[in-house]
Ligand SMILES: C[S@@+](CC[C@H](N)C(=O)[O-])C[C@H]1O[C@@H](n2cnc3c(N)ncnc32)[C@H](O)[C@@H]1O
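In my numbering, the protein residues as written are 37 to 519.
Below, the structure is given as structure tokens:
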């Protein structure tokens, strides 16, 4: 029964928006992980059908004592109705509780299939977000362990054909090398990699293209593997470690990346990923970045900082994340939550700006909301911390210039130039999940103040309107934080 309880706990965490499917599965004991993953994923696929069936029976009301968590009922009813061998547990009070209702549950399954006009159980499966079908399956070659040339030779040897048209979605037997991130390969979304030994060997990392941008922007190609790049980098919000491992590889496994992660469970996942990706230059710390004084000696000599703080995740459209939301009908943006996130994200940037040796900071989210993106950048640019240290936005020429979709200026307060220096990705349309990246660089405090003044002088009317709306927003943020 422990296996069902573990799966239910993963589902509870997902409902509470505590981490991703993968992140939650990573902390399940390794011997149970594969089986738990299969049950969680299968249950999610049928979640809305199973919820409808359970709600049509008295299972949850009559068996409250044995089934305190609706998700425990969900995984057990999944196996009772949909798995070939039924419930995989020896007889006990929990299994008996579900079995007492099996006749009714089976009848409700039949009724639901009739109502939905489907012939078999598979017809009840959720259809994923169709945008996910337009996003290639991206495979980042971990250059700490492997080379891109060896990877290309490997996949060609395995029967894949390399295509040289990066704008075309590869067919199931094709792949291409990404035009923006050279150590990234793209495959058809249906290509199965979950059980690939290349993953276990740390040779490849499954990472969406947009999620590769921050590390690549922070440590740009000129310094790639040459040893001339930054020697001391901080990843302030590291778990599960996709961007930390990318940074490590971009630095040629040299120098030092100090990786902060405040959550202890997620910290374990980070440690596992670093080990697998053979990151010899990363020092992981189970610490809250905000709790460490910017003058602490941990930060001595740190020039580059990657900030990828918690966000609403509204840009993620991959299949399983979409399934998480099925049935919740939570399409409206929760303004109070956005305000809280915005305030936390701004705090993180301002804290990073106080680190005296820092000269380059990337800020990224997988959100599509301007509240977490341009608004945060606008406030960060106008902050006392930016003015004191001399931070402004790096120009477009220094921030993935070939990427066509840039930040928003309309209604955000940002100048056209500033918006142009930001990177945005629209889910599905850009063959990535939704994403946002800003890169702050240190100029002299004096020239930054001059630039701020000039931007204000460009359109004083706009400035008045912006100041007023910013003040209103600040007030709302404070309220949301107190709520
Ligand atoms: C969006 S995730 C980071 C994903 C990661 N960069 C990657 O690419 O794999 C944000 C992470 O930051 C952690 N976090 C949030 N606030 C933090 C803080 N103040 N200090 C350290 N870690 C924090 C969260 O626990 C979460 O694991």
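Quick reminder that beta carbons are idealized off the backbone N, C-alpha and C, glycines included.
| Asked | Found |
| --- | --- |
| Any non-hydrogen atom of ligand 1 within 6 Å of residue 2 CB | An answer regarding residue 2 cannot be provided, because it is not within the stretch 37 to 519 covered by the chain. |
| Rounded distance between the beta-carbons of residue 180 and residue 5, thought under 8 Å | No statement about residue 5 is possible, as the shown extent of the chain runs from 37 to 519 and does not include it. |
| Option in 209, 49, 447 and 348 with minimal Cα separation from residue 194 | 209 |
| Nearest candidate by alpha-carbon position, reference residue 394, set 372, 330, 418 and 297 | 330 |
| Residue from 117, 124 and 125 with nearest C-alpha to residue 143 | 117 |
| Whole-angstrom C-beta distance between residue 398 and residue 250, which should lie under 8 Å | 5 Å |
| Alpha-carbon spacing of residue 73 relative to residue 66, whole angstroms | 11 Å |
| For residue 208: DSSP bridge partner residues | Looking at the DSSP assignment, residue 208 forms no beta bridge with any residue, so it has no partner. |
| Where the alpha helix (DSSP H) through residue 152 begins and ends | 138-152 |
| Whether residue 79 touches residue 111 by CB criterion (7 Å) | yes |
| Span separating the alpha-carbon of residue 58 from that of residue 508 | 38 Å |
| Three CB pairs or more closer than 8 Å across the stretch 399-406 and the stretch 424-433 | no |
| Segment limits, alpha helix (DSSP H) that includes residue 40 | 38-51 |
| Between the CA atoms of residue 83 and residue 361 - distance to the nearest angstrom | Because the pLDDT at residue 361 is just 36, under 50, the model does not fix this residue reliably, and the value given afterwards should be weighed accordingly. Distance between the alpha carbons of residue 361 and residue 83: 10 Å. |
| Neighbourhood of residue 375 by C-beta distance below 6 Å, restricted to the same chain and skipping five residues each side | 512, 513 and 516 |
| Rounded Cβ spacing between residue 416 and residue 390 (contact assumed at less than 8 Å) | Not quite, the Cβ-Cβ distance comes to about 12 Å (not below 8 Å), so this is no contact. |
| beta-carbon residue 330 near ligand 1 non-hydrogen atom, thresh 6 Å | no |
| Collapsed DSSP secondary structure at residue 242 in the structure displayed | strand |
| Residue 324, DSSP secondary structure in three states | coil |
| Residue 5 CB to nearest heavy atom of ligand 1 below 6 Å | Because the chain is modelled from 37 through 519, residue 5 falls outside the range shown and cannot be assessed. |
| N- and C-terminal bounds of the alpha helix (DSSP H) containing residue 460 | Counting along the chain, residue 460 falls outside any alpha helix (DSSP H), though it belongs to the beta strand (DSSP E) covering 459-461. |
| Short Cβ contact (7 Å threshold) for residue 377 with residue 421 | no |
| Residue 511 - partner residues in DSSP beta bridges | DSSP lists no partner for residue 511. |
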